[in-house]
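Q: For reference, the structure I am asking about is given below.
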Amino acid sequence: MLGYLNWSVEELFQKAASPAPEPGGGGVSAMTGCLGTGMLSMVARITLGKEKYKDVETEISGLITTLDRNIETLKSLAQRDMDAFHGFMEALAMPRNTPEEKALREEKSSRPPCCLPEFPWRSPGPACRA
């Protein structure tokens with residue numbers, strides 16, 4: 001799973017700008033959240049162990065754990081968004097030659113997966129909690 005993690009940065013930029021169904025807005029939002037959360041984690045790791053911040057070392061260690069967990073959540077949300085939208089696009093490509101095919105295609109494509117519209121709104125949550 002998480003095949004998008006194997007894309008180069010250049011591939012990600014090209015795919016995001018293409019008419020391909022993935023990555024969509026939710027996936028890109030979650031990936032952006034991963035990068036921002038990663039920057040917070042970097043600063044926390046740089047701070048950890050410094051004499052100047054010894055008083056808050058326990059909090060910083062806890063923050064790093066939370067940030068790492070949030071990155072994993074965001075990566076999962078990115079993949080779920082891509083999977084959901086891919087399924088929706090497959091439904092749109094279904095044949096519609098017979099009344100039965102038309103009805104099935106209409107049923108599958110008339111409503112996007114229940115979670116799809118909320119992905120761009122859900123993905124900032126883990127990053128913002130940090």
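Each residue of the sequence shown is one higher than the last, beginning at 1 in UniProt numbering. Cβ coordinates follow ideal geometry from the N, Cα and C atoms, glycine included.
#1: Between which residues of its own chain and residue 183 is the CB-CB distance below 6 angstroms, once the five residues before and five after are set aside?
#2: So what does DSSP say about residue 163, is it helix, strand or coil?
#3: Which runs of the beta strand (DSSP E) spanning at least 3 residues fall entirely within the region 48-100, listed in chain order?
#4: Which value, in whole angstroms, describes the spacing of the CA atoms of glycine 26 and threonine 32?
#5: State the Cα-Cα distance for the pair glycine 36 and alanine 20, rounded to the nearest angstrom.
#6: Looking at alanine 44 and valine 28, is the spacing between their C-beta atoms short of 8 angstroms?
#7: If you draw a straight line from the alpha carbon of tyrosine 4 to that of arginine 69, how long is it in whole angstroms?
#8: What residue from Leu48, Gly87, Met42, Lys50 has the CA that sits closest to leucine 67's CA?
#9: Taking Cβ positions, are glutamate 22 and phenylalanine 85 nearer each other than 8 angstroms?
#10: I'd like the list of long-range same chain contacts for tyrosine 53, defined as Cβ closer than 8 angstroms, with 5 residues on each side in sequence excluded.
#11: Note down the Cα distance separating lysine 108 from valine 56, rounded to an integer number of angstroms.
#12: Label methionine 39 either buried or exposed according to how many other C-beta atoms from any shown protein chain fall within 10 Å of its C-beta, with 16 as the threshold for buried.
A: Working from what's here:
#1: What the structure shows of the chain is the stretch from 1 to 130, and residue 183 is not part of that stretch, so it cannot be assessed.
#2: Examination of residue 163 is not possible in this model, given that the chain is present from 1 through 130 alone.
#3: Note on the region 48-100: there is no whole beta strand (DSSP E) run with a minimum of 3 residues.
#4: Approximately 10 angstroms, taken between the alpha carbons.
#5: Distance between the alpha carbons of glycine 36 and alanine 20 is about 25 angstroms.
#6: Judged by beta-carbon spacing, alanine 44 lies beyond the 8 angstroms limit of valine 28, meaning their Cβ atoms are not closer than that value.
#7: Rounded to the nearest whole angstrom, the C-alpha separation of tyrosine 4 and arginine 69 is 19 angstroms.
#8: Looking at the Cα atoms, Met42 is the closest of the given residues.
#9: Yes. Within cutoff.
#10: Excluding positions up to five away in sequence, the list reads Thr47, Ile60.
#11: Roughly 53 angstroms between the two C-alpha positions.
#12: Methionine 39 counts as exposed, since fewer than 16 other C-beta atoms from the protein chains shown sit within 10 angstroms of its C-beta.
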